[in-house]
Structures are given as structure tokens and as C-alpha cells.
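A short write-up of the structure that comes next.
Number of protein chains: 2
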Amino acid sequence: MTAEDSFGNPIDPVAGFARGTIITSATEEGLRLRNAQRIAAERVQAKGPESIAIFTGNQRNYPVHADDLTTLCEEWVGPGLFAPALRATGLAHLGGLGSDDVAVFNRTSAAIIATIVALVRDETVVSVVPAGGPSHASVGHGARLAGVEVLNVPVVEDWAEAIQTRRPKLVLVTTVTSSLERMDDADIRRVTALARELGAVTLLDEAYGARLRTALHGGTPSLQLGADLVVTNCDKAGLSGPRAGLLAGRPDLVARVSATGAGFGMEARAPIAAGALRSLEGYSPELLREEARAGQELAGALSKHYRDGVVRNSDLGPMIHEDDVLRDVLDRAGAPANEAAVVPCEASSALGVLLLRDHGILTVNTHGQPGARVSLRLKPTADAIHRVGGVTSVVEAVLSASKELAAVVTDRAAVAELVLGGNP
Amino acid sequence: MTAEDSFGNPIDPVAGFARGTIITSATEEGLRLRNAQRIAAERVQAKGPESIAIFTGNQRNYPVHADDLTTLCEEWVGPGLFAPALRATGLAHLGGLGSDDVAVFNRTSAAIIATIVALVRDETVVSVVPAGGPSHASVGHGARLAGVEVLNVPVVEDWAEAIQTRRPKLVLVTTVTSSLERMDDADIRRVTALARELGAVTLLDEAYGARLRTALHGGTPSLQLGADLVVTNCDKAGLSGPRAGLLAGRPDLVARVSATGAGFGMEARAPIAAGALRSLEGYSPELLREEARAGQELAGALSKHYRDGVVRNSDLGPMIHEDDVLRDVLDRAGAPANEAAVVPCEASSALGVLLLRDHGILTVNTHGQPGARVSLRLKPTADAIHRVGGVTSVVEAVLSASKELAAVVTDRAAVAELVLGGNP
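Chains A and B, in that order, are what the protein sequence lines are. Using this note's numbering, you'd call the opening residue of the first sequence number 1 and step up by one each time. Using this note's numbering, you'd call the opening residue of the second sequence number 1001 and step up by one each time.
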């Protein structure tokens, strides 16, 4: 049985949302991103860099020092020069022991895929996830490339039975999802303990969790939760970027996964690994807590303009499910659901384009990679709210963009033009 | 029947060389690289950056401007800012048309793997290679991940029959291998023409070829050889680095392959794509010709010290097959072949370590990624020969390192210590 969204559109099981006639595949998601990059560039050229405010929940700055360019960023010699500092800083960040090791990948997705392909042969990957939250799309990609199945089990269901019966080589635990559903430390420990007892390797996907659990919820450092491997993201939740995946844990496993990843061209280039080091060095839990407070304030203000339950309040800011985005816009248009010319993901993308083009609000709805989720998410970074003119201005921008989208939501061509621009 | 090297060791069909008891898998190749990075870093710390000379045939500098760090290298907005210049410069470099498009990957390997996985379902990939030269290891990796076979056909054999009978969706042409075996332009055109006639997409692996064919052999620009897609490397043959894969050609295919690659975390980060742009902008065919002349001179001088035929002269410098490296070292030790404690790839790695540690000569024998070839290759970049003290000093370094290796070649533990250092 194919799952459907609340409009009756069939959900693409890989993407986790319904595709339409504009966003038919990952290829159009890529074109959507390129169109958005063009729109952002035009805005910067016309109004300057301060005219863009990042609401994706993560900065992607590049904090290397000018001195690093000819030393650490040179790839034959540089990685040897920064290896000791990277290891020390990475392990301190994740609460690792002296015997643990680290490696930097081009993305967290790359590290997850390389782990699955390196460690699994024919066995099902058991993936334990927070209640209500799926694992990242890269888990499915990795399993397909390895030619194995993934069994996603919410932590509130019988994950123990899944591990006992499937006897996986690899148990993957998503501690915090990209929508910020979160697993308790006690649950994480129970999963890693059983997996270890039964001889499985455990990988914690701590892309957000490494800092969100610890800085906002007083959680235990990542490498002290009983897992063999942990991966986090150098541009999420209090880290400044660049985007990169930091893998850490048992040195023999880090070496195996790194070798597999290097064969696939997934390792971080020296300039990125050097940037990851600078990002880790600059980590500030207080800045993360400040961003979380700003997100809460924005969620509170936005929710007054929507029916109860529509605006969900995550740790880092408000979210509106893509179905609710389309429903809201149709309501504003006075149009019944069957007159929608688009599916929910296309509506939330178009809304993202209007927020970006007319208000400088940059979201994952325009700038996510293929595979990113499609709910409207506003996670303000550093001075993002200030750049737009305050919380009220951000709320007004969302409402204004929603009205503008309502005017074209029954016109497929107009929405396609917004989402894909001049692209085919 | 398993192929064997000239010592009777079975050749690993994936790696293309025989594995031993020190380098048993790609994991040890990764440890070999980390050990070498540590050795290079120690030398730089003791004797300064000028004490290392790059003989890998490619620079891996990072030529972004200080101004780029907060603009082009910021990943939300930067890629939109440099996209027009990247496209124009990339297409000019490859002889593309206005209708072609470009995308930058984290490595050429990543672009090749993403192409295979994106475009192939169940069909065999037909891979046409120069006489005597295999395709890159990434072709095999991509096919395994896609769950399909690769048929490698030398261009001197009946590749046309292979294409006609297999009816591939994808024909891959390696124009110049990493050992610099080269295919004629006329042959490349014949392959792309037949593939096109039979409806297959063609990808040219022009990692080296884009510049080696054109600047040294008067060849046709890459995108004018009838292929749908071309990939080249931003740190090879006259480009300064960073390492990155530039994919170019039909825009619909570039979009598909890019979307697949992005799902796997294989796309170039903004700082790398910005570096690739600067690398392409700085391309100098004359510098490449100068490096080629230096390589020829070195090959001539080195060959006087070896039996006829042992030193092969490539476009960019001398090469000695790994079997000949081990045989030479055994001869110097006065030891028969059956007393060798190591296989040829371990001997050439150990020789690379001695060249690096004692003479500052950095080669792929120490610094290649897992999967790299293992013959001794000396391809001097820019001022590499000058840094060592001239051609005679480089030759003396090779002879001196060979003597030193001869003293331990029957001692497995000593060779392991050289190759892997303190690693397990």
C-alpha cells in the first residue's frame, strides 16, 4: 500500500514526501537549488550581503585564517600539519577518549554511506529513530548502494526485538532528526548496549545531536553513550561551517570507513578539513542557546497567525508541515483542495522563493540539497532576525509571501517559474 | 584463473596489484597515507616548507583569494555568485558550447561513480581504455555500487563489437590513464560516434587528458570529441589544485548526475568549487610543457642507472613498475626472489617513504589515496627538481633510497615500520 499525503498524493518512499509535476525527481530538486542560488546572488549584487538572512539553522561560513591558505589548505602536506590539532579538538568536542580517532568527510551523508558500505555485507541495517522522526535520506542511499535493506524502528516500538531477530552488523541510531525530534540519552544507551552485546557496530547520527542534546538539554557527550562510531556536522547547531562530516570513534573502524569513503571520493579535501578544525575551535554553546531563544520567540509570534497545532515549535524555531503550507495558501485563495495545481512540496518551495526574493529570508525550502525535507522551517542563525528587521518583520514576511503565493497557487506554470526559474 | 605478478603473487583484481601481509587491504593503504602525512609534517616542521618537493605530477594548492573567504566560500550565497564565472571558465577550458553546463564534484572519482549510478540500471558499462592502461579504480567502484558489470576493452581490441553486443546505456572512455597511456583523438571520436549511434551516453575520463592531449599533443578540446559528458581534474597536468572533479556537457545529464552525487554527499563544497574556479583561471599550458620537459630530463638521467626497459618514460616523467622496484632492491641486497619478505607494492611504498623522509621527495607511493597505482612514479611539478638540488640530486636520492631499502627488504617488520609507522 502506498502512503499518501493529506491531499491524497502518493508519497515517494525514498524522499518521504509527495512529488508533483514540477518537482518530479531529485534532478528538479537540484534545479530548484540552482535557481535559488541565482536569486540569492542577484539580491546580494543589488542590495549587498547584509540583505540575506540565514534561516536554515546552520551557517556555512568558511572560517580558515589567511595564513592557512598556503599551509593547512595545501593537500599534500597540510593534512599532516593539522592532524594532531584536528584529532584533539574533534575528540574534545565529542567527549572522546585518547584511544579514539577522527576523520573528516565531505558531508555527514558521505560518512553515513561509507560506514554502511564498509561494514555491512548482506545483513539488514537496523536504524533506530526518535518517535515521529525518520532517519536521514543518506541511510536509505547507503543501504541501496550496499544492496541491503534498512529497518527503521521508532525508539518507542520494539527496537530490541528488531536487533535480536535481524542480528545486524550495523545499528544506526539517529539521536536528533533534521526536524529536531530527539531521543533521550537513556534510550540511546539502551540501544548501544544491546547492539554491543549482540556484536553489532553502532553509529550515532549526531549531525545535530552532538550539540543540541548537550548544550540545550544537558545531555552526555556523544562518544560517552556507548557507541563505536559517532558522526556530526560541522555546520549545524552552534558550529559555523563549512559543511563537513566529522566521524569519530574506534580507530580500526574509522580507518576502514575512511578507506572506503576515499575510494568513492567522499573524504574532505584539505581546505574543508582545515575549515572543520577552525569551526570546531570556534564552537560556542552560548551562541547556540541564543539562537534557540530567538527561534522560540519567532515560533511564539508566528503561531498567533495560524490555527492551533499548525506551527510546531522545535528547539531552533518554528516549522509548518508542507501539507499545512499548501492548505493555508489554498484557504487564502479561497480555493478548494482539488484546485491546487501543485503538491505540498512545490508550495513550500515556492513560498521559500518568495521569502528569499522579496525579504532576503533564506531557508532550506529553496537551498536544501536534493533529499532535504520540505516542511517550512525557520531556524534563525546569529543575526538573521535582526537582518530582516526584528521578529515582527519576519512574521509579516511569511504572511505577505503566503498571500502572494495564494494569488498563483492554482496556476502550475506560475509556481514552476518561481521554483525552477528559467530551468527546463 | 587468478592473474599473478612476476613473483607469483596473486593480483587483487580490484586494486590491480598484489597485496601482501603489510598492505592487506585499502585500510592499510589509508594508514600508509596517514603515516606519510605525519612524516611530511615532521620534515616541514624541522626544515621548513621548501624542504618538500612534489613529484606526484599534480599540485594541490588552494589558490582562492583572501577576498573569496567571506564571499565565494560561504556556501549559502557563494555558489550563486561564482556560478556564471565557473560555467564560462570551465566551458572555455574544455572547449564547450554555450548550451553545455558544468558542475564541480569533490573528486573526479566521485563524478565518475555518480555518473554510473545515475545513468545505469542493469546494463554492463563498456569502458574503452588505451592500449596497456586500465580504467581508474573508481569505474569498478561505481559499477559495484550500481550492481552492474564493467567490461574494460583496450582500444586496440574489438570495442565496437562490445558496444554492439552489450548495448550499454553508458560508454566510458579513459583518454589518458594515471600512468599516462594515451588514446588518439581519432579513436576517441570513433568510440563516441558509435556509442551515440546506438543510443548510449558517453563519458570521457579526461582527468589528465583535457590538458595533456591538448597542450602536449595538439589534441582537440575535450567537449569537441563527440561525448555527452567529460570529467577532468582541477589538480592535474597544469592546474594548480585544489583536487576536484569538473564535470561538463549536456545540461540534462549534468543535472541528473549532480542530483545523484549530492544525495551521496559527493558535490564540491563552496570553498572547493571556488578554488576550482581559481585553478582553471590560472591554467598555463606553458607551465605544463615546462614540467613535461623537466620530467623527460629526469627520465633520461635515471634510465642510465637501470637495465634497458626498466625506466619507462611517460609524458611527465619516469616510472618504474613495482615488480622492477622490488627486483632491483633484491639485486642490490644479493637476495633471491624467494627471500623477499614483501610484495612489490610494499617495496615501492617503502621506497617512497625513504625518498620522502630523507630527501623530501613526495610521491604517490606514499601519498596516493587507497586505490592509487603502486609503480614508482616521479612526475616533477613546478620547482620540484630545483628544491631537491637538480636532476643529479634526484637521481642520487633514488639510488641512495634503493640501497637503504635493500638493507631491510628481507625483514618484514622493518618494511612495515617504514610503510605504516606506529600504526597497527
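Note that CB positions come from ideal geometry on N, CA and C, so glycine has one too.
Residue i (DSSP reduced to helix, strand or coil)
i	result
B:PRO1424	Confidence in B:PRO1424 is poor, its pLDDT being 49 and thus under 50, which makes the residue's placement unreliable; the coordinate value appears in the next sentence. In this structure, B:PRO1424 counts as coil in the three-state DSSP scheme.
B:ASP1324	helix
A:THR202	strand
A:GLY249	strand
A:LYS379	strand
A:ARG332	helix
A:GLU4	strand
B:PHE1017	strand
B:ASN1174	Here the sequence assigns Thr to residue 1174 of chain B, which means Asn is not the residue at that position. Looking at B:THR1174 - three-state DSSP - the assignment turns out to be strand.
B:THR1089	helix
A:GLU267	strand
A:PRO370	coil
A:SER240	coil
B:SER1135	coil
B:ARG1182	strand
Proximity of residue i and residue j at Cβ, strictly below 8 Å
i	j	result
B:THR1381	B:GLN1059	yes
B:ILE1023	B:CYS1345	yes
B:SER1127	B:LEU1151	yes
A:ALA372	A:MET266	no
B:ALA1384	B:ALA1103	no
B:LEU1194	B:ILE1163	yes
B:LEU1170	B:ALA1200	yes
B:VAL1341	B:ARG1412	For clarity, residue 1341 of chain B is Ala in the given sequence; the question names Val instead. Closer than 8 Å, so yes.
A:SER6	A:PRO251	no
B:ILE1272	A:ILE188	no
B:LEU1081	B:THR1070	no
A:THR260	A:LEU246	no
A:ALA131	A:VAL155	yes
B:ILE1112	B:ALA1143	no
A:ARG32	A:LEU351	no
A:TYR283	A:HIS65	no
A:ALA244	A:ASN61	no
A:VAL254	B:ALA1041	no
Contact with chain B by residue i, beta-carbon distance below 8 Å
i	result
A:VAL77	yes
A:ALA259	yes
A:HIS217	no
A:ALA55	Sequence check: residue 55 of chain A is Phe here, not Ala. No - not a single Cβ of chain B is within 8 Å of the one on A:PHE55.
A:LEU198	no
A:GLY421	no
A:ALA83	yes
A:ALA262	yes
A:ASN152	no
A:ARG269	yes
A:ARG60	yes
Residue-chain proximity (residue i, chain A), Cβ-Cβ < 8 Å
i	result
B:ILE988	Nothing about residue 988 of chain B can be reported from this structure: the residues present for chain B run from 1001 to 1424 only.
B:SER1240	no
B:ALA1207	no
B:ASN1338	no
B:HIS1136	no
B:SER1109	yes
B:HIS1141	yes
B:MET1183	no
B:ARG1243	yes
B:LEU1203	no
B:ASN1106	yes
query: For the stretch 1016-1048 of chain B, which residues have a CB atom closer than 7 Å to at least one CB atom of chain A, in sequence order?
result: Per Cβ criterion, the list reads ALA1026, THR1027, GLU1029, GLY1030, LEU1031, GLN1037, ARG1038, ALA1040, ALA1041, VAL1044.
message: Give me the subset of the stretch 354-374 of chain A whose CB atoms are less than 8 Å from a CB atom of chain B, sorted by chain position.
response: Using a CB distance below 8 Å, the part of the stretch 354-374 of chain A facing chain B consists of LEU362, HIS367, GLN369, PRO370, GLY371, ordered along the chain.
- request: Please determine if the stretch 1004-1012 of chain B and the stretch 349-368 of chain A are in contact, where contact requires at least 3 C-beta pairs separated by less than 8 Å.
  value: Pairwise C-beta distances place the stretch 1004-1012 of chain B out of contact with the stretch 349-368 of chain A, as fewer than three of them are shorter than 8 Å.
message: Quick check: the stretch 1403-1423 of chain B against the stretch 1319-1336 of chain B, are at least 3 beta-carbon pairs closer than 8 Å?
response: In short, these stretches touch, since the Cβ pair count reaches three.
task: Please name the residues in the stretch 379-399 of chain A whose beta-carbon is closer than 7 Å to at least one beta-carbon of chain B, in chain order.
output: For the stretch 379-399 of chain A, which is checked against every Cβ of chain B, not one residue is closer than 7 Å.
Members of the stretch 1062-1074 of chain B near chain A, C-beta cut-off 8 Å: If the cut-off is 8 Å between Cβ atoms, the stretch 1062-1074 of chain B has TYR1062, VAL1064, ALA1066, LEU1069, THR1070, THR1071, CYS1073, GLU1074 near chain A.
message: Does the structure place the stretch 1290-1301 of chain B close enough to the stretch 1309-1319 of chain B that three or more beta carbon pairs sit under 8 Å?
response: By the Cβ test, the stretch 1309-1319 of chain B is in contact with the stretch 1290-1301 of chain B, since at least three Cβ pairs between them sit closer than 8 Å.
query: Counting pairs of Cβ atoms below 8 Å between the stretch 116-126 of chain A and the stretch 140-156 of chain A, do you hit three or more?
result: A contact exists between the stretch 116-126 of chain A and the stretch 140-156 of chain A.
task: Quick one: which residues of the stretch 1271-1303 of chain B get their C-beta closer than 8 Å to a C-beta of chain A? List them in chain order.
output: Taking 8 Å as the upper bound on Cβ-Cβ separation, chain A lies near residues PRO1271, ILE1272, GLY1275 of the stretch 1271-1303 of chain B.
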